[in-house]
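For reference, each letter of the sequence shown is one residue, going 1175 to 1515 in the numbering used here.
Beta carbons: idealized from backbone N, C-alpha and C, even for Gly.
This structure is a prediction, so every number in the text was calculated from the model and none was measured.
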Amino acid sequence: MEFGVFDHLDLGDRPHEQLYRERLEIVEAYERAGFYSYHVAEHHLTPLGMAPSPSVFLAAVAQRTKRLRFGPMVYVAPLYHPLRLLEEICMLDQISGGRVEVAFGRGALPAEVRFFDVDPGRTEKMHEETVGFILEGLSESAVTVTVESGKRRLPLAIPPLQKPHPPLWYGVHSPEAAERAARRGMNVVGLDTVAELKPSFERFRAVWKETRGDAALPKIGLGRFIVVGKNATETRAVARRAYRRWHESFTYLSSRMGFAHRHSRPPEFDAIAEDGRAFAGAPEDAAEYVRAQLAESGANYFVGQFAFGNLTLEETLGSIGLFASEVIPMFERASARVASA
């Protein structure tokens, strides 16, 4: 059983320089805590995402860590030239010593895609073409490019370190998306409620077995807001304050441009905690929450969103420390007891 981290890298109330400096301190804490991987979002012209170029931020992450794996969740594939993105992935894989995990998507908001003069109606085709080009280039360490005389096959000047390519990920919201990911051999992460995700995870497992037999399942991840503290009442108050600020960033573009989110979030922490997508409280309750969410959804990889809104550096580091020192061991002991029963 492994644990990971998802991060919108939302701005909160701090200056940009402070955000980046503190977030890199937090990333170092994720490594000390033993998390498997750090997954960071890509967004544009919104305080929801301060990593509009994930590769730039992740290059800094690579230099501040030694063991922690990391990657985008997701690269918005239609916004990149395929060769440029392929070369960025290979660079990151080499400078990190082979720790990159790669995810691709079409973009969460059509508005953000339009900022780049891309028609949202074309993103599915563009996504498939870009991902196909990149996966072929990673696997074969060569690409077919257009030159003056026609088409040429050229080797990559920078190949990936991991062979045949870094592990692949996909964010799922539907059984159809889960099936595509399973057929491509991808790991998956979902941020929706258990009721919404369970059919997707079930489809993923079925297609994986159908196409790969008894091969070990990849990671089926469940992403959740989580704040852990010694005093449950105080911790809940901190989470309410921070989540309210995060939600302001989440709705920044939609409130200004008059559109609705396809995957909405309630404005108050109590509501999202009630539907199971968030937790704030004491370590023993957090361990039970994690266990129950994984069991009910069929996930095998818990992905915590520990840094969000206006949580301070001290609040975030304290929560991460308690999760690592108390929650994970409690969860592991409980799982061992169930397994031996």
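Sheet register partners of residue i (DSSP bridge)
{"i": "residue 1344", "result": "1362"}
{"i": "residue 1249", "result": "1278"}
{"i": "residue 1325", "result": "1320"}
{"i": "residue 1479", "result": "1399"}
{"i": "residue 1181", "result": "1214"}
{"i": "residue 1176", "result": "1475"}
{"i": "residue 1394", "result": "1362"}
Other residues of its chain near residue i: CB distance less than 7 Å, five sequence neighbours each side excluded
{"i": "residue 1297", "result": "1252, 1280, 1281 and 1287"}
{"i": "residue 1382", "result": "1356 and 1391"}
{"i": "residue 1370", "result": "none"}
{"i": "residue 1222", "result": "1182, 1184, 1423, 1424 and 1426"}
{"i": "residue 1203", "result": "1491 and 1494"}
{"i": "residue 1416", "result": "1482, 1483, 1484 and 1485"}
{"i": "residue 1268", "result": "1332 and 1335"}
{"i": "residue 1216", "result": "1223, 1225, 1226, 1228, 1246, 1248, 1249 and 1250"}
{"i": "residue 1376", "result": "1472"}
{"i": "residue 1233", "result": "1266 and 1269"}
{"i": "residue 1368", "result": "1450, 1467, 1470 and 1471"}
{"i": "residue 1284", "result": "1294"}
{"i": "residue 1239", "result": "1201, 1202 and 1205"}
{"i": "residue 1210", "result": "1176, 1177, 1178 and 1243"}
{"i": "residue 1289", "result": "1218 and 1219"}
{"i": "residue 1124", "result": "The displayed coordinates of the chain run from 1175 to 1515. Any statement about residue 1124 would go beyond what the structure contains."}
Endpoints, the beta strand (DSSP E) within which residue i is located
{"i": "residue 1213", "result": "1211-1214"}
{"i": "residue 1240", "result": "Unbroken run through residue 1240: none, as it is neither H nor E."}
{"i": "residue 1454", "result": "1452-1455"}
Cβ neighbours of residue i in the same chain (closer than 8 Å, five flanking residues each side left out)
{"i": "residue 1329", "result": "1315 and 1316"}
{"i": "residue 1259", "result": "1249, 1251, 1304 and 1308"}
{"i": "residue 1479", "result": "1179, 1180, 1181, 1182, 1397, 1398, 1399 and 1400"}
{"i": "residue 1198", "result": "1234, 1235 and 1238"}
{"i": "residue 1310", "result": "1317"}
{"i": "residue 1193", "result": "1183, 1185, 1186 and 1224"}
{"i": "residue 1452", "result": "1398, 1399, 1400, 1413, 1417, 1443 and 1446"}
Endpoints, alpha helix (DSSP H) assigned at residue i
{"i": "residue 1306", "result": "1297-1314"}
{"i": "residue 1424", "result": "1406-1424"}
{"i": "residue 1495", "result": "1487-1496"}
{"i": "residue 1201", "result": "1190-1207"}
{"i": "residue 1438", "result": "It is not in any alpha helix (DSSP H) - residue 1438 carries neither H nor E in the DSSP assignment."}
{"i": "residue 1335", "result": "Element bounds for residue 1335: n/a, residue is neither H nor E."}
{"i": "residue 1225", "result": "Run containing residue 1225: none; DSSP gives neither H nor E here."}
{"i": "residue 1379", "result": "1368-1386"}
{"i": "residue 1285", "result": "1284-1288"}
{"i": "residue 1356", "result": "1349-1357"}
{"i": "residue 1260", "result": "1256-1269"}
Neighbourhood of residue i by C-beta distance below 6 Å, restricted to the same chain and skipping five residues each side
{"i": "residue 1487", "result": "1196"}
{"i": "residue 1373", "result": "1349"}
{"i": "residue 1461", "result": "1501, 1504 and 1505"}
{"i": "residue 1563", "result": "What the structure shows of the chain is the stretch from 1175 to 1515, and residue 1563 is not part of that stretch, so it cannot be assessed."}
{"i": "residue 1454", "result": "1401, 1409, 1410 and 1413"}
{"i": "residue 1312", "result": "1334 and 1339"}
{"i": "residue 1278", "result": "1248, 1249, 1251 and 1305"}
Residue i, buried or exposed, once every other Cβ within 10 Å from all chains shown has been counted against 16
{"i": "residue 1270", "result": "buried"}
{"i": "residue 1483", "result": "buried"}
{"i": "residue 1499", "result": "exposed"}
{"i": "residue 1273", "result": "buried"}
{"i": "residue 1262", "result": "buried"}
{"i": "residue 1175", "result": "exposed"}
{"i": "residue 1405", "result": "exposed"}
{"i": "residue 1359", "result": "exposed"}
{"i": "residue 1338", "result": "exposed"}
{"i": "residue 1366", "result": "buried"}
{"i": "residue 1319", "result": "exposed"}
{"i": "residue 1295", "result": "exposed"}
{"i": "residue 1353", "result": "buried"}
{"i": "residue 1323", "result": "exposed"}
{"i": "residue 1321", "result": "exposed"}
{"i": "residue 1437", "result": "exposed"}
{"i": "residue 1387", "result": "exposed"}
{"i": "residue 1189", "result": "exposed"}
{"i": "residue 1435", "result": "exposed"}
Residue i CB to nearest heavy atom of the ligand SAH below 8 Å
{"i": "residue 1186", "result": "What this structure holds is no ligand at all, so the ligand SAH is not there to describe."}
> At a cut of 8 Å, does the segment 1424-1438 reach the segment 1389-1407 through at least three beta carbon pairs?
Replying inline: The segment 1424-1438 is not in contact with the segment 1389-1407.
> Are the segment 1439-1446 and the segment 1410-1424 touching by the rule of at least three beta carbon pairs closer than 8 Å?
Replying inline: Note that the segment 1439-1446 touches the segment 1410-1424; at least 3 beta-carbon pairs, one per stretch, sit closer than 8 Å.
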